[in-house]
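Here's the structure we're looking at; comments come further down.
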Amino acid sequence: MGAPIPAVRVTDLNPAPVRGDRDFVLYWMTAQRRTVWNHALQHAAWHAREIGKPLLIFEALRADYQWASARFHAFVVEGMAANAARCEAVGVRYHPYVEPVAGGGRGLLEALAARACLVVADEFPCFFLPRMLRAAAARLDVALQQVDANGLLPLRAADRAWPTAYAFRRFLQRTLPDHLDDMPMADPLRGLKRLGRATIPRPVLDRWPAVPKAALSGDTAWLRAQPVDQAVGQTALRGGSAAAEQQLLRFLKRALPIYAEQRNQPEVEASSGLSPYLHFGHLSPHQAFAKLATREDWSPERLSKDRRGHRAGWWGMSTEAEAFLDELVTWREVGYGFAFHRADDYHRFDSLPDWAQATLQKHADDPREHLYALDEFEQAQTHDPLWNAAQRQLVREGRMHNYLRMLWGKKILEWCPAPTAALDVMIELNNKYALDGRNPNSYSGIFWVLGRFDRPWGPERPVFGTVRFMSSQNTARKVRVKGYIEQYAGGGLFG
Numbered sequence: 002m003g004a005p006i007p008a009v010r011v012t013d014l015n016p017a018p019v020r021g022d023r024d025f026v027l028y029w030m031t032a033q034r035r036t037v038w039n040h041a042l043q044h045a046a047w048h049a050r051e052i053g054k055p056l057l058i059f060e061a062l063r064a065d066y067q068w069a070s071a072r073f074h075a076f077v078v079e080g081m082a083a084n085a086a087r088c089e090a091v092g093v094r095y096h097p098y099v100e101p102v103a104g105g106g107r108g109l110l111e112a113l114a115a116r117a118c119l120v121v122a123d124e125f126p127c128f129f130l131p132r133m134l135r136a137a138a139a140r141l142d143v144a145l146q147q148v149d150a151n152g153l154l155p156l157r158a159a160d161r162a163w164p165t166a167y168a169f170r171r172f173l174q175r176t177l178p179d180h181l182d183d184m185p186m187a188d189p190l191r192g193l194k195r196l197g198r199a200t201i202p203r204p205v206l207d208r209w210p211a212v213p214k215a216a217l218s219g220d221t222a223w224l225r226a227q228p229v230d231q232a233v234g235q236t237a238l239r240g241g242s243a244a245a246e247q248q249l250l251r252f253l254k255r256a257l258p259i260y261a262e263q264r265n266q267p268e269v270e271a272s273s274g275l276s277p278y279l280h281f282g283h284l285s286p287h288q289a290f291a292k293l294a295t296r297e298d299w300s301p302e303r304l305s306k307d308r309r310g311h312r313a314g315w316w317g318m319s320t321e322a323e324a325f326l327d328e329l330v331t332w333r334e335v336g337y338g339f340a341f342h343r344a345d346d347y348h349r350f351d352s353l354p355d356w357a358q359a360t361l362q363k364h365a366d367d368p369r370e371h372l373y374a375l376d377e378f379e380q381a382q383t384h385d386p387l388w389n390a391a392q393r394q395l396v397r398e399g400r401m402h403n404y405l406r407m408l409w410g411k412k413i414l415e416w417c418p419a420p421t422a423a424l425d426v427m428i429e430l431n432n433k434y435a436l437d438g439r440n441p442n443s444y445s446g447i448f449w450v451l452g453r454f455d456r457p458w459g460p461e462r463p464v465f466g467t468v469r470f471m472s473s474q475n476t477a478r479k480v481r482v483k484g485y486i487e488q489y490a491g492g493g494l495f496g
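So the sequence shown is residues 2 to 496, counted in our numbering.
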């Protein structure tokens with residue numbers, strides 16, 4: 002049952018062999034935190050069937066990564082609850098582990114891998130995950146393979162980081178049709194029950210017990226006891242693959258019909274709301290694409306032969322569907338490709354295009370009418386009511402309206418003493434509070450503020466140089482913001 006996934010999505014991380022005489026195939030779930038529509042899980046399940054050994058799914062959550070907070074812990078653990086329920090229903094062993102103290106999980110992967118025929122992990126080209134996988138590969142005596150389930154286009158299908166969305170879109174339109182048949186199985190766990198349930202040795206369970214069932218049921222006392230930043234608290238948005246699918250279906254039914262026309266309106270709920278689920282791996286981009294294609298009664302024969310990089314018309318879908326796909330595929334995946342091909346510096350100022358670096362440095366010493374420190378930004382204590390409202394939404398809800406996110410970054414650039422300082426502020430606030438932060442796509446948004454994936458714009462201005470300019474006044478003329486400002490003006494920062 003099932004088939005091997007395309008070789009372009011699989012990378013060997015060490016020279017160790019597959020050891021068929023051991024007890025189980027281990028899937029180390031690190032980025033694609035779901036049991037559906039998952040190339041990596043499908044790859045592990047296929048090997049389990051081929052070897053004839055059970056599958057063990059191991060999902061862990063560290064306590065000591067940068068910006069770890071109750072907000073992110075709650076979202077991940079809600080995903081664990083969904084995964085636990087699904088694995089229980091199909092008879093597959095699942096071990097969710099949350100570090101009770103920083104470093105408490107050290108040694109657990111090696112203990113499980115010592116009984117594994119093969120270890121399969123998720124490839125994710127951002128944050129600390131690539132470094133973590135490389136370190137693990139050097140310690141294991143069994144084959145460790147990473148699987149790319151990041152986007153419709155495999156990361157290795159491109160040989161470079163593309164400088165603009167337009168250039169990437171042209172490449173995508175030429176290349177993606179060859180990969181559209183490589184969809185992951187909707188249910189990669191089907192049929193695994195016959196292999197039995199993997200057994201975890203009792204000493205391993207005693208030392209590294211599974212997360213308590215009470216925590217999976219939403220025990221707030223357990224969450225408050227975790228050694229993470231409790232000031233960044235849980236939001237109303239629930240995590241997990243079931244919640245992700247509900248949001249996807251809600252978007253397709255209610256918001257997609259007005260997406261093309263209304264998504265930039267802060268007072269209209271026309272955005273997809275999917276980015277937190279995509280970031281934490283609770284939703285697959287393939288799943289979102291498949292559901293959209295079904296809604297559109299679409300088949301690949303409708304793809305246009307015109308592959309010159311136009312934003313609309315290539316997919317052969319409705320106007321609103323094409324607008325959404327340009328965000329889901331073009332803009333999302335150009336960022337993933339950039340992080341993959343520029344692994345050492347995608348998050349650094351010197352990764353900006355030469356023209357952007359030059360113009361920002363030329364104007365770095367320009368006088369600023371307003372200057373704010375990090376804590377003033379964080380507490381939404383600026384002179385600008387619209388900016389303050391956007392920052393309050395970020396702090397309270399873990400998200401920000403996409404159009405205002407661009408303005409939010411442009412004003413930070415304008416109100417910091419130097420462009421490198423502005424970059425530091427944007428990264429800190431976004432990664433600390435945004436549920437979809439710490440992600441290639443969110444770094445794309447931050448660096449777009451400074452010129453990445455863009456071009457020079459005239460006239461040359463103070464501070465910005467030829468980097469695209471935005472102002473709250475112009476934004477208020479383009480979109481309705483009065484109600485938005487009122488909604489996020491009152492009360493404390495967290496409510």
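Ideal placement from N, C-alpha and C gives every residue a C-beta, glycine not left out.
>> Suppose you measure from the CA of residue 199 to the CA of residue 28; what does that come to, to the nearest Å?
In response: 12 Å
> By how many angstroms is the C-alpha of residue 119 removed from the C-alpha of residue 145?
Replying inline: 6 Å
>> Using a Cβ-Cβ cutoff of less than 8 Å, which residues in the same chain neighbour residue 4 once the five nearest sequence positions on both sides are dropped?
In response: 47
> Within the chosen definition, does the stretch 359-366 reach the stretch 458-473 through at least 3 CB pairs nearer than 8 Å?
Replying inline: yes
> Along the chain, where does the alpha helix (DSSP H) that runs through residue 434 open and close?
Replying inline: 420-434
>> Within the continuous alpha helix (DSSP H) that includes residue 259, where are the two ends?
In response: 257-263
>> Taking the alpha carbon of residue 36 as the reference point, which residue from 154, 266, 150 has its own alpha carbon closest?
In response: 150
>> If you reduce the DSSP assignment to three classes, tell me which class residue 396 lands in.
In response: helix
> What is the DSSP secondary structure of residue 416, reduced to helix, strand or coil?
Replying inline: helix
> Does the pairing of the stretch 151-167 with the stretch 50-62 give three or more beta-carbon distances under 8 Å?
Replying inline: The stretch 151-167, when compared against the stretch 50-62, does not touch it at the 8 Å Cβ threshold.
> By how many angstroms is the C-alpha of residue 194 removed from the C-alpha of residue 390?
Replying inline: Approximately 51 Å between the Cα atoms of the pair.
>> Can you tell me where the beta strand (DSSP E) holding residue 58 begins and where it ends?
In response: 56-62
> How many angstroms separate the CA atom of residue 426 from the CA atom of residue 277?
Replying inline: 21 Å
>> Just to check my reading of the structure: residue 163 and residue 338 have Cβ atoms closer than 8 Å, yes? What is that Cβ distance to the nearest angstrom?
In response: 6 Å
>> Quick check: residue 192 and residue 80, are their CB atoms within less than 8 Å of each other?
In response: no
>> When you compare the CB positions of residue 41 and residue 143, do they come within less than 8 Å of one another, or not?
In response: no
> Nearest to residue 487 by CA position, among 283, 50, 448, 394, is which residue?
Replying inline: Cα-wise, what sits closest to residue 487 is 394.
> With a Cβ-Cβ cutoff of 8 Å, do residue 481 and residue 268 count as a contact?
Replying inline: A contact, by the Cβ cut-off of 8 Å.
> The alpha helix (DSSP H) spanning residue 293 covers which residue range?
Replying inline: 286-296
>> I need the straight-line Cα distance from residue 95 to residue 89, nearest angstrom please.
In response: 8 Å
> Just how far apart, CA to CA, sit residue 176 and residue 10?
Replying inline: 15 Å
> residue 66 and residue 209 look like a contact to me (Cβ under 8 Å); what is the Cβ gap, rounded to whole Å?
Replying inline: Wrong, their Cβ atoms sit about 18 Å apart, outside the cutoff.
> Over what stretch of residues does the alpha helix (DSSP H) that includes residue 131 continue unbroken?
Replying inline: 130-140
> Are the stretch 72-87 and the stretch 224-236 touching by the rule of at least three beta carbon pairs closer than 8 Å?
Replying inline: yes
> Can you list, in chain order, the residues of its chain whose CB lies under 8 Å from that of residue 43, leaving out five sequence neighbours each side?
Replying inline: Closer than 8 Å at Cβ, skipping near neighbours: 3, 6, 185, 186, 189.
> Nearest to residue 387 by alpha carbon, out of 419, 340, 335, 410?
Replying inline: 410
> According to DSSP, what are the bridge partners of residue 12?
Replying inline: 147
> What separation, rounded to the nearest whole angstrom, lies between the Cα atoms of residue 348 and residue 274?
Replying inline: 24 Å
> Looking only at C-alpha atoms, which of 197, 111, 26 sits nearest to residue 91?
Replying inline: Among 197, 111, 26, the Cα nearest to that of residue 91 is on 197.
> Apart from the five residues just before and just after residue 401, which ones in its own chain have a Cβ nearer than 6 Å to its Cβ?
Replying inline: Closer than 6 Å at the Cβ level, and outside the excluded window around residue 401, lie 391, 394, 395.
> Of all the options 371, 474, 166, which has the alpha carbon lying nearest to the alpha carbon of residue 326?
Replying inline: Closest by C-alpha distance to residue 326, out of 371, 474, 166, is 166.
>> Please report the straight-line C-alpha distance between residue 117 and residue 231, rounded to a whole angstrom.
In response: Looking at the two C-alpha atoms, the distance is approximately 36 Å.
> What's the C-alpha gap between residue 322 and residue 247?
Replying inline: Straight-line Cα distance between these residues: approximately 18 Å.
> Helix or strand or just coil, what does DSSP make of residue 92?
Replying inline: coil
> The beta strand (DSSP E) spanning residue 29 covers which residue range?
Replying inline: 25-30
> Straight-line CA distance for residue 173 to residue 223?
Replying inline: 45 Å
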